[in-house]
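Enquirer: Heads up: the sequence shown begins at 2 in my numbering, then just goes up one per residue. Before I ask anything, let me first share the structure, which is written out below as structure tokens.
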Amino acid sequence: MIAVIFEVAPEEGKKDEYLDIARSLKSELEVIPGFISIERFQSLVDPRKILSLSFWKDEDGIKEWRNRTTHRKAQQAGRNSVFEDYRLRVASVIRDYGMSERQEAPADNIF
Numbered sequence: 002m003i004a005v006i007f008e009v010a011p012e013e014g015k016k017d018e019y020l021d022i023a024r025s026l027k028s029e030l031e032v033i034p035g036f037i038s039i040e041r042f043q044s045l046v047d048p049r050k051i052l053s054l055s056f057w058k059d060e061d062g063i064k065e066w067r068n069r070t071t072h073r074k075a076q077q078a079g080r081n082s083v084f085e086d087y088r089l090r091v092a093s094v095i096r097d098y099g100m101s102e103r104q105e106a107p108a109d110n111i112f
């Protein structure tokens with residue numbers, strides 16, 4: 002599993018525009034093979050920042066999404082007029098477990 006962590010600080014007054022662009026792309030994103038989920042969060046430390054966290058089965062789906070024309074246009078619009086700054090991180094998930102799904106929990110994890 003791969004996590005794509007997109008942290009963005011929209012220009013002042015552009016937060017709603019960013020969220021509208023993201024919302025308009027969601028239905029296209031959800032049909033890409035390998036896509037698992039996406040959520041957005043607002044920073045409690047810096048309210049300007051929004052974090053978009055998506056999970057993917059493999060890099061093929063990420064590549065397809067990255068190269069979609071609509072996504073490319075949204076990226077360009079963001080860089081040209083919506084984003085003050087952004088950072089993108091792509092990371093492999095080492096473990097994935099929760100309170101009741103414990104298969105990947107380390108043996109020394111007692112909780």
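For glycine and all other residues, C-beta sits at the position ideal for the given N, C-alpha and C.
Among the candidates 100, 106, 75, whose CA atom is the shortest distance from the CA of residue 20?
Expert: On the sequence shown, position 19 is the one that residue 20 refers to. Of the listed residues, the one whose Cα sits closest to residue 20 is 75.
Enquirer: Report yes if the C-beta distance between residue 23 and residue 53 is below 8 Å; otherwise report no.
Expert: Taking the first residue of the sequence shown as 1, we reach residue 23 at position 22. Taking the first residue of the sequence shown as 1, we reach residue 53 at position 52. It is a contact, given that the beta carbons lie within the stated cut-off.
Enquirer: Specify the secondary structure class of residue 67 as computed by DSSP and reduced to three states.
Expert: As a working mapping, residue 67 is identified with position 66 in the sequence shown. Looking at residue 67 - three-state DSSP - the assignment turns out to be helix.
Enquirer: Could you name the residues that DSSP lists as bridge partners for residue 38?
Expert: Sequence index remark: in the sequence shown, residue 38 carries index 37 (1-based). 56, per the DSSP bridge assignment.
Enquirer: Between which two residues does the alpha helix (DSSP H) carrying residue 21 extend?
Expert: For this step, residue 21 is matched to residue 20 along the sequence shown. Run containing residue 21: 16-30, per the alpha helix (DSSP H) assignment.
Enquirer: Taking DSSP as the reference, what is the three-state secondary structure of residue 80?
Expert: Position 79 of the sequence shown, counted from the first residue, corresponds to residue 80. Looking at residue 80 - three-state DSSP - the assignment turns out to be helix.
Enquirer: State the start and end residues of the unbroken beta strand (DSSP E) segment that holds residue 106.
Expert: The residue given as residue 106 occupies position 105 in the sequence shown. Per DSSP, residue 106 belongs to no beta strand (DSSP E) and is neither H nor E.
Enquirer: Between which two residues does the beta strand (DSSP E) holding residue 8 run?
Expert: One-based indexing of the sequence shown puts residue 8 at position 7. Run containing residue 8: 3-11, per the beta strand (DSSP E) assignment.
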